[in-house]
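Numbering (my numbering), first residue to last: 31 to 227. Have a look at the structure below before the remarks.
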């Protein structure tokens with residue numbers, strides 16, 4: 031992020047310098063062409079020096095990556111979104127692993143299947159606890175968002191608030207779904223334990 035900010039700041043500085051040098055060179059060349067007498071060596075040297083500076087600045091500008099300031103503005107939001115998505119995928123991975131264990135046990139005896147069901151239920155309960163902690167963390171992060179500052183900071187704050195609200199809705203929905211799944215697995219487990227088909 032600091033590197034991107036440095037590149038953008040450097041580009042803005044070089045653009046301002048390029049515009050200034052170009053203006054100065056244009057004024058000098060206009061003055062030299064309007065005169066009745068030939069330009070002095072000092073004036074020629076000054077014009078040549080300005081042309082070289084213009085080329086150097088232009089070359090450096092062309093060598094910099096073409097970055098939009100909006101990239102930097104949204105960089106923090108992208109990092110935050112990726113981190114939460116990683117947590118979400120880890121949670122889903124644990125759920126799928128537990129379900130795969132149940133699927134592998136299905137043709138076996140009732141005790142093994144019952145234990146696999148218990149593991150799934152524990153995984154879902156653990157998921158609910160983790161989602162609860164993630165919601166608490168979202169609340170803490172949301173409380174630290176400042177609606178004041180530069181326009182860039184306010185934009186980022188608004189985007190982060192929207193991200194946190196969306197994530198909280200997603201986590202709340204998943205908690206409700208997991209509670210329903212736990213109830214269904216507990217009912218099936220009771221049937222397995224009682225020996226009913």
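Quick reminder that beta carbons are idealized off the backbone N, C-alpha and C, glycines included. For clarity, every value in this text was computed on a predicted model and none was experimentally measured.
Where residue 210 falls, given that 16 or more other Cβ within 10 Å makes a residue buried: exposed
Short Cβ contact (8 Å threshold) for residue 52 with residue 84: yes
Rounded straight-line distance, which links the Cα of residue 177 to that of residue 49: Cα-Cα distance, rounded: 35 Å.
Residue span of the alpha helix (DSSP H) that contains residue 94, given as start and end: For residue 94, there is no enclosing alpha helix (DSSP H), as DSSP marks it with neither H nor E.
Three-state class that DSSP yields for residue 175 in the structure shown: coil
CB contact flag (residue 175, residue 197, <8 Å): The answer is no: Cβ separation not under 8 Å.
Cβ contact (3+ pairs, closer than 8 Å) linking the region 118 to 131 and the region 165 to 173: no
Beta-carbon proximity of residue 77 to residue 55, cut-off 8 Å: In this structure, residue 55 lies closer than 8 Å to residue 77 by Cβ.
Where residue 70 sits in the DSSP three-state scheme: coil
C-alpha distance - residue 148 paired with residue 112, whole-angstrom precision: Roughly 32 Å between the two C-alpha positions.
For residue 118, the nearest candidate out of 107, 212, 160, 108 (CA to CA): Selected option, being the one with the closest Cα: 160.
Residue 133, buried or exposed, once every other Cβ within 10 Å from all chains shown has been counted against 16: exposed
Alpha-carbon to alpha-carbon, residue 43 and residue 121: Near 46 Å, if we compare the C-alpha coordinates of residue 43 and residue 121.
Separation of residue 116 from residue 140, as counted between CA atoms: 35 Å
Residue of 199, 215, 94, 213 minimising C-alpha distance to residue 36: 94
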